[in-house]
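Residue numbers (this note's numbering): 2 to 388.
In what follows, a single structure is set out as structure tokens and then discussed.
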Amino acid sequence: ALLREARARNPEIRAAEKKWQAMQARIKPAGTLADPQFAFQAMYAPYPLDNVFNGERIFTISQMFEFPGKLGLMSGMARKESEAIGADVETTRLRVLKDVKATYFMLYRVDRELEINAENRQLMKQFIEIANVKYATGMGLQPDIIKAQVEYSMLLNDSLMLAQERGSAAAMLNSLLNRPRETPVPQIVEFFDPQQFTFSLDSLAQTAYAQRPELRNMQSMAEMYQLSARLARKEYIPNFMLSFSHRQMPDQMRNFDAMVSLNLPVYFWRKQTPRVQEAEANYGMATANLQAMRNMVRFEVESAFLKVEQAGRSVQIFKNTIVPQAEQSLLASRAAYETNKVDFLMLIDSQRTLRDMKLAYYQALAEFGTRLAELERVVGADLAKLE
């Protein structure tokens, strides 16, 4: 739902779409003849000029014609540029969706940290009660109570900082979705299971070569410059203008004139030849940029893929090994403290370890989601649709 909302409401995406629409509107004019010209001429009118229509009158209409093929090339260049701008729209869309996902995962992490903080504050209240009971029965020390109270106060302060961080993340999400800043963002609970990531590097690289909008943009620009070079070579060939005149005489005689005129590219070594050289250089630049981008795409996909794999392994280690061990350690320390086998400091240390490991687990999970979002951007596709 958030991604659909971002596609529909994000102002950057909408601005890119409007730019593409503006570029599409240039295609037809680029392939259309110049406007015809109309001229009226009065000749041999008597003096004084009380009526210019008493003399000879000439009505002329003219039309400039590009040499066959030129207009098609101009239209093709505009179309290729439009395709390049259309690819830019998809680039903007992918970047915005990546930012939305990254912000979503940030909110997910902060919400889990707030839950862990609340659990630990509740646990610390229990520790304070246990310490009070032991102190009242002469089996505990007053510093244990103070330590627990200090720990509780630190957790309370952490909760305030987390609430502030969540507010900033929610404001960022609202900004990406073009919502009012104060729009409430509900608690984030859904998440992608890292075990569902089963893609291979080669398949993702091939998908990126086919889907990455930056490649489509550069391919379209290279094709546009190729058409530009062809058009520049045609500029050696003259264009021509057809004119048709209707001549009216005072004696009611009517004559018709027709004329063909050509432009002569006699300074071709100063105009047409440099333009051909420029167009060919631009085409060479565009093809080189395209190859460089293909190389960069492979690197970006491989780098993002390895980061996703590493983040996924970290999540599994925390989930299956580290957090369960920390939970067992806390249970053992609590039982040992209640039977006076360990001191309160060891109990607090076990509680901190479990808290830190849970926080690290959710940080790793959020990191996995963020890396996955970046991988989708560099691949140029939603991975869920590739399964």
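Ideal Cβ positions, reconstructed from N, Cα and C, are used throughout, including at glycine.
Which of helix, strand or coil DSSP assigns to residue 59: strand
Counted within 10 angstroms of its Cβ, other Cβ atoms place residue 258 as buried (16 or more) or exposed: exposed
In chain order, each beta strand (DSSP E) run of at least 3 residues that lies wholly inside the stretch 79–142: Listed in chain order, there is nothing to give.
Helix, strand or coil at residue 341 [DSSP, three-state]: coil
Reduced DSSP category for residue 175 - H, G, I as helix; E, B as strand; rest coil: Here residue 175 sits in helix by DSSP.
Length at least 4, wholly inside the stretch 175–245: the alpha helix (DSSP H) runs in chain order: 202–212, 214–235
Validate contact between the stretch 188–206 and the stretch 137–147 using beta carbons, cut 8 Å, 3 pairs: Under the three-pair Cβ rule at 8 Å, the stretch 188–206 does not count as touching the stretch 137–147.
CB contact flag (residue 22, residue 63, <8 Å): no
Other residues of its chain near residue 42: CB distance less than 6 Å, five sequence neighbours each side excluded: 59
Residue 376 and residue 214 closer than 8 Å at C-beta: no
In DSSP terms, what residue 1 is bridged to: The first residue shown for the chain is 2 and the last is 388, placing residue 1 beyond what the model contains.
Boundaries (first-last residue) of the beta strand (DSSP E) holding residue 43: 38–44
Rounded Cβ spacing between residue 367 and residue 78 (contact assumed at less than 8 Å): Not really, about 46 Å apart at Cβ, beyond 8 Å.
Local conformation of residue 34 per DSSP, three classes: coil
For residue 332, the nearest candidate out of 281, 98, 354, 306 (CA to CA): Out of 281, 98, 354, 306, 354 has the C-alpha closest to the C-alpha of residue 332.
Residue 389 - DSSP class collapsed to helix/strand/coil: For residue 389 there is no data in the structure shown, the boundaries of the chain being 2 and 388.
Closer than 8 Å to chain D by CB, residue 29: The structure shown contains no chain D, having only a single protein chain.
Residue 85 vs residue 222 beta-carbon contact at 8 Å: Inclusion of residue 85 and residue 222 in the CB contact set at 8 Å is warranted, their separation being smaller than that value.
7 Å Cβ shell around residue 349 - same chain, five flanking residues per side excluded: Excluding positions up to five away in sequence, the list reads 148, 152.
Sequence-distant residues of its chain with Cβ nearer than 7 Å to residue 32 (five each side left out): 72, 73, 75, 76
Cβ neighbours of residue 6 in the same chain (closer than 6 Å, five flanking residues each side left out): 178
Three-state secondary structure assigned by DSSP to residue 277: helix
Inter-residue spacing [alpha-carbon to alpha-carbon] between residue 233 and residue 277: Straight across, the Cα-Cα distance linking residue 233 with residue 277 is about 5 Å.
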